[in-house]
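Worksheet for the structure shown next.
Residue numbers (my numbering): 16 to 187.
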């Protein structure tokens, strides 16, 4: 797996489109719609952000089978909520520092990327529970693609671990 879309499609297999009360994986947006909405920002977003919002305009991923961090040697970031584009733009405008949020957690932990004067293919991902000031931080991931691929590897690891436990527990 080496593309963002492959990682997102893998995640789609684990997330139902909706629960009884609300959608878990919202329908993605057309590129033109994304371009129109982000035109209010004073910076350009990476191509990866467009791919994310074409895949889904917000998602709840809290039910993915995440491994305990002690069982997994590669750094990954569990994602509970991917922000809708509308909400992400609202937050980015309130911050006013060139940062663009992608995910948020109930604990106020947030992952965000940075805008640029020119559109780039990728941009680093920062994770913070504070002011989201990227100037005082080292990126957690080199790109959204690397973040999602590591998340998929962790989920895949946990899924295989659970399958193996089921097989062994069924043995007489």
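Idealized CB from N, CA, C, for every residue including glycine. These numbers come from a predicted model, not from an experiment.
Exposed or buried, what is residue i when buried is set at 16 or more other beta-carbons lying within 10 Å of its beta-carbon?
i	result
residue 42	exposed
residue 177	exposed
residue 116	buried
residue 111	exposed
residue 18	exposed
residue 131	exposed
residue 72	buried
residue 63	buried
residue 118	buried
residue 153	exposed
Classify residue i as helix, strand or coil using the three-state DSSP reduction.
i	result
residue 55	coil
residue 133	coil
residue 27	helix
residue 40	strand
residue 143	strand
residue 128	strand
Which same chain residues end up closer than 6 Å to residue i when comparing Cβ atoms and leaving out the 5 residues on each side of it in sequence?
i	result
residue 138	61, 128, 129
residue 134	59
residue 166	91
residue 74	40, 97
residue 49	65, 68
Compare the C-alpha of residue i against each of the options and name the closest.
i	options	result
residue 96	47, 120, 58	120
residue 99	113, 82, 65, 81	65
residue 46	70, 23, 29	70
residue 172	28, 82, 52, 51	82
residue 157	170, 140, 164	140
residue 40	164, 101, 126, 26	26
residue 68	124, 57, 24	24
residue 114	57, 49, 48	57
Please return the same chain residues whose Cβ sits closer than 7 Å to the Cβ of residue i, not counting the five positions on each side in sequence.
i	result
residue 77	95
residue 53	60, 104
I'd like the list of long-range same chain contacts for residue i, defined as Cβ closer than 8 Å, with 5 residues on each side in sequence excluded.
i	result
residue 55	104, 108
residue 80	29, 170, 173, 174, 177
residue 187	Summary for residue 187: the model assigns pLDDT 48, below 50, so the residue's position carries little reliability; its value from the coordinates is reported in the next sentence. Once the five neighbours on either side are set aside, residue 187 has no close Cβ partner at all.
Just list the beta strand (DSSP E) runs in the stretch 69-119, keeping only unbroken ones of 3 residues or longer that don't cross its boundaries, in chain order. 114-119
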